[in-house]
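Before any comments, here is the structure.
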Amino acid sequence: MNTLLSNLFSVNSIEYITICDNYKIIETSSNVKHFSDNPNQVKKGSDIRISFPELTGTEEILDEILQGEQNDFKLKGISRSLDNLSPLYIDIYIIKNHKENSQCKELMILVVDSTERMVMEQSLMQSANQANFLLRNLTASKQYIEQILTSMSDAMVTTTPSGNIKRINPATVTLLEYEETEIIGRHISSIFKGIEAAAFGEVEASCQTKSGKTIPVAVSCSMLQTDIEHFQGYVYIVRDMTERKQAELAKQQFMAMISHEIRTPITSVTGMATLLLNTEMTIEQRDFVETIYTSGIALHKIINDILDFSKIEAGKLEMEAQPFEVRRCIHEAIAILMPKAKEKALKLSFIDNTETPKMIVGDVTRVRQILVNLISNAIKFTSTGSIAIYVTPKQKTTNNTSADDSSNKLNTCTLQFAVKDTGVGIEASEQERLFKVFSQVNSSITRQYGGTGLGLAICKQLCELMGGTIWVESKKQKGSTFYFTIQVDAIPESVASVVCRGAEALTLPGLDVSSDAKIELIAQEHPLKILLVEDHAINQRMIKLMLQRMGYEPALANNGLEALDALRNQVYDVVLMDMQMPEMDGLTAAKHIQQEWAPSQRPVIIALTASTMWEQRERCLGVGIDNYLAKPLRIGELVEALKKCQQLENKLENQNEFISDYVPNYPLNTNSSIDSKALQEILYMADFNSAINAKEFLVETIDLYLDDAPKLLQDIQLAHSETNLKNLQRLTHTLSSTSATLGANHLGQLCKEVEEMVAQKSLTGIEAKISKIESEYQQVQIALLTERQKYST
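Here it is as structure tokens:
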């Protein structure tokens with residue numbers, strides 16, 4: 003090879019070999035043997051196929067090149083291994099060597115080091131494979147996420163950091179009834195009312211669909227945090243709460259119905275048993291009645307537990323904040339259970355702590371409830387020994403007040419109560435179950451001692467509502483100590499003494515709390531000017547009679563407009579306000595009173611309504627109404643409501659038990675359209691007014707009802723035919739309350755169902771329900787005429 007070509011190959015790192023047409027090596031470059039599988043065979047006269055075995059099998063191609071039938075031949079990416087096992091790659095190019103004066107036809111084999119290129123190509127190939135793999139995964143992930151979003155029953159909305167909607171899933175389209183293009187780009191708050199950007203946690207809101215329907219929803223929000231700004235923002239998960247709200251409403255309605263249908267007969271049983279115990283009986287008869295009474299009280303407690311738990315679970319239980327004496331509360335709880343302790347010869351005592359404040363602000367009823375439950379359990383599970391109650395103040399702090407008022411500061415503190423017994427004790431492994439709902443230590447406890455497993459669960463929730471907690475320390479066969487804490491405001495000693503003296507001065511000395519005269523003296527001892535606002539004559543007569551029974555002489559108004567006129571001309575302490583009235587209803591009148599009179603001059607407003615639904619009470623309390631009573635009204639409930647008026651605050655504490663049981667709620671007689679005991683109750687109340695002939699009063703009341711009810715039924719039909727829902731709701735409300743007052747409980751319930759259907763705008767089946775009302779009234783009419791005959795002779 004000439005020098006020029008050899009230098010050219012050297013500069014470009016190309017090695018070469020020339021061979022003859024018999025494949026024998028003629029000439030080689032100096033370094034070509036480094037690329038051979040057999041370096042020692044790279045020499046003149048050696049067969050090229052031994053040095054480079056890759057050429058074996060290419061003889062036909064090589065001959066074609068020698069004959070000029072083919073220009074060249076390439077073998078690329080041939081692998082070699084060096085001594086250090088590093089990869090080595092070469093490319094082989096074969097061309098005809100045009101050499102003059104040669105004794106044979108020659109081929110030139112060029113060997114090029116392609117290691118760098120091959121490594122780069124392999125790296126690129128590997129990267130491409132990885133990219134393809136990632137692309138397939140990304141595509142699959144996208145399909146996976148799309149399928150999840152498509153199959154979600156909850157709506158999903160993603161927004162920019164500023165709250166503009168970027169993407170939604172199909173469930174959002176279904177929920178809102180808008181097309182995707184109509185939603186994208188809008189602000190989240192324009193779709194979901196009450197929701198702003200970055201509304202973290204779960205909140206309740208509402209949305210309005212394209213068709214105008216308002217839907218309650220639960221919305222939870224999370225932040226989307228990525229390195230790419232485009233993918234930053236928030237994701238909202240939106241759940242339609244319509245069915246849940248309907249279920250909650252159904253539960254509330256059921257509990258309201260249970261409250262009436264179960265507690266009413268139980269109260270009747272215990273009330274009648276109480277009356278019987280005050281009569282002369284044989285020892286055996288007294289035992290029978292006492293059994294009836296204690297069984298009724300036990301059943302009443304179970305029902306109260308269930309209702310309390312339902313209220314707590316629904317977040318509807320309200321805690322009062324009234325001043326009360328701590329020690330008196332404890333002594334009352336002990337007094338309630340002392341007879342049970344004596345039956346088992348157990349010592350029941352209160353260990354006082356001098357540092358415990360005399361009076362605190364809190365809910366005395368709920369504190370007493372917890373104490374009674376814990377002491378009752380202690381008595382139940384203790385066969386011999388003693389039970390002790392302790393109270394200790396903890397973590398006292400002073401609220402901020404002026405220096406001039408330092409002696410009257412309210413001290414916020416934690417009170418720790420303890421009930422210690424010497425009973426059977428509880429294994430440590432079983433103590434966690436105690437405060438769970440419907441849970442007891444084991445099934446044998448229920449068989450041996452009874453109970454529902456609700457008591458301690460309710461105690462736990464009550465403690466938490468009062469800012470405290472509850473726990474137990476116990477060892478098997480060595481007794482138990484139940485602790486609970488509550489957060490309270492302690493009243494300073496100077497103020498507490500004044501409050502206590504005031505309460506004692508208002509106690510009626512020398513008078514038995516079960517005396518009928520107690521009710522009559524309420525108005526004398528605590529005079530109140532009362533305005534009764536009621537549009538219906540029967541309800542007006544009955545409530546007026548109750549107030550007269552208590553010693554009051556109320557002023558009367560037939561609707562909200564008359565009530566406002568009366569209040570402008572005369573100062574009243576209390577307004578008893580019916581909610582459903584013509585011209586102006588109770589809610590509207592209450593709003594006017596709130597707007598027109600300053601709080602210090604405004605009378606206490608007590609709402610009267612036949613509805614037992616929590617929503618109705620919330621609407622009442624939301625417009626400045628102070629309390630709420632359900633019809634048909636009972637005198638005990640009315641006195642309890644008057645107790646809570648500002649003018650009677652802390653004045654009637656000693657009458658709690660008497661008022662609760664004073665007039666029993668009579669049960670529905672399922673064999674008749676009229677509960678005759680309700681009529682007896684009217685007689686019983688009217689008989690206390692010397693100016694009234696009780697039987698004539700009852701007959702007149704029945705006549706009023708029989709004269710008015712057909713007109714109401716006619717107006718109900720007219721309101722239904724005209725789709726006048728406001729009138730339909732008001733008329734059924736009126737007929738419900740007046741019917742229940744006279745013992746037509748089933749008719750009253752039918753009217754109440756129609757009223758609530760109208761309130762919820764659920765009118766399916768309402769026509770059939772109105773027909774039932776008319777049919778039931780025919781039976782009521784016959785029954786009342788029969789009862790009227792009894793009392794008019």
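Anchor point for the sequence shown: position 248 equals 250 in this note's numbering, and the numbering is continuous, going up by one each time.
Every residue gets a Cβ at the ideal spot worked out from N, C-alpha and C, and that includes glycine.
Just how far apart, CA to CA, sit residue i and residue j?
i      : j      : result
Gln597 : Asn355 : 48 Å
Asp74  : Leu126 : 28 Å
Leu700 : Glu179 : 59 Å
Ile96  : Leu77  : 9 Å
Ser675 : Leu749 : 8 Å
Leu136 : Gly187 : 31 Å
Asp537 : Thr740 : 11 Å
Thr60  : Ile67  : 11 Å
Glu286 : Lys342 : 20 Å
Leu348 : Ser297 : 22 Å
Gly214 : Cys753 : 30 Å
Gln418 : Gln145 : 59 Å
Glu789 : Ser678 : 8 Å
Ile718 : Lys546 : 27 Å
Thr211 : Ile768 : 27 Å
Ile92  : Arg51  : 16 Å
Gln603 : Tyr574 : 9 Å
His36  : Asn134 : 38 Å
Asp587 : Met321 : 29 Å
Glu56  : Gln128 : 26 Å
Gln781 : Thr766 : 25 Å
Glu245 : Thr216 : 13 Å
Over the uninterrupted beta strand (DSSP E) stretch that includes residue i, give me the two end residues.
i      : result
Asp717 : Per DSSP, Asp717 belongs to no beta strand (DSSP E); it is in the alpha helix (DSSP H), Ala696 to Ser723.
Pro89  : Pro89 to Asn99
Tyr485 : Ser482 to Ile493
Pro325 : Gln324 to Glu327
Lys462 : Run containing Lys462: none in the beta strand (DSSP E); it sits in the alpha helix (DSSP H), Gly457 to Leu467.
Arg169 : Ile167 to Ile170
Asp580 : Val576 to Asp580
Val2   : With the chain covering 3 to 795 only, the question about residue 2 has no answer from this structure.
With a threshold of 7 Å, establish whether the CB of residue i neighbours any heavy atom of the ligand ATP.
i      : result
Ile190 : Judged by which ligands are present, the structure shown has none, so any question about the ligand ATP falls away.
Does the Cβ of residue i have 16 or more other Cβ atoms within 10 Å, making it buried, or fewer, making it exposed?
i      : result
Ser517 : Unreliable positioning characterises Ser517 in this predicted model, as indicated by a pLDDT of 35, which lies under 50. A coordinate reading is not provided.
Lys462 : buried
Tyr707 : buried
Thr228 : exposed
Glu755 : buried
Ala632 : buried
Ser764 : exposed
Val121 : exposed
Gln731 : buried
Asn24  : exposed
Gly47  : exposed
Val34  : buried
Cys647 : buried
Cys106 : exposed
Ser723 : exposed
Leu578 : buried
Met225 : exposed
Ala335 : buried
In the DSSP assignment, the alpha helix (DSSP H) including residue i goes from what residue to what residue?
i      : result
Met544 : Ala539 to Arg551
Ile428 : Counting along the chain, Ile428 falls outside any alpha helix (DSSP H), and DSSP gives it neither H nor E.
Cys753 : Asn747 to Ala761
Tyr686 : Ser678 to Ala688
Leu301 : Ile285 to Glu315
Leu733 : Leu727 to Thr743
Asn134 : Thr117 to Ser153
Is any beta-carbon of chain B found at less than 8 Å from that of residue i?
i      : result
Val393 : In the structure shown, chain B cannot be found, because there is only a single protein chain.
- Using 8 Å as the threshold, is the segment 422 to 436 in touch with the segment 376 to 394, meaning 3 or more CB pairs across them? A contact between stretches requires three or more CB pairs, one per stretch, nearer than 8 Å, and the segment 422 to 436 meets this requirement with the segment 376 to 394.
- With a cut-off of 8 Å, do at least 3 Cβ pairs link the segment 235 to 255 to the segment 158 to 176? yes
- Message: Which runs of the alpha helix (DSSP H) at least 4 residues long sit entirely within the segment 49 to 75? Give them in chain order.
- Response: 50 to 53 and 61 to 68
- Jot down the residue ranges of each uninterrupted beta strand (DSSP E) in the segment 213 to 259, minimum 3 residues, whole runs only, in chain order. Considered as a whole, the segment 213 to 259 harbours 216 to 226 and 235 to 242 as its complete beta strand (DSSP E) runs of no fewer than 3 residues, in chain order.
- Query: Between the segment 332 to 346 and the segment 305 to 314, do three or more beta carbon pairs fall short of 8 Å?
  - Reply: no
- Query: Which runs of the beta strand (DSSP E) fall wholly inside the segment 351 to 400 and span at least 3 residues, in chain order?
  - Reply: 361 to 364 and 388 to 400
- Does the segment 323 to 330 touch the segment 361 to 380, meaning 3 or more C-beta pairs lie closer than 8 Å? yes
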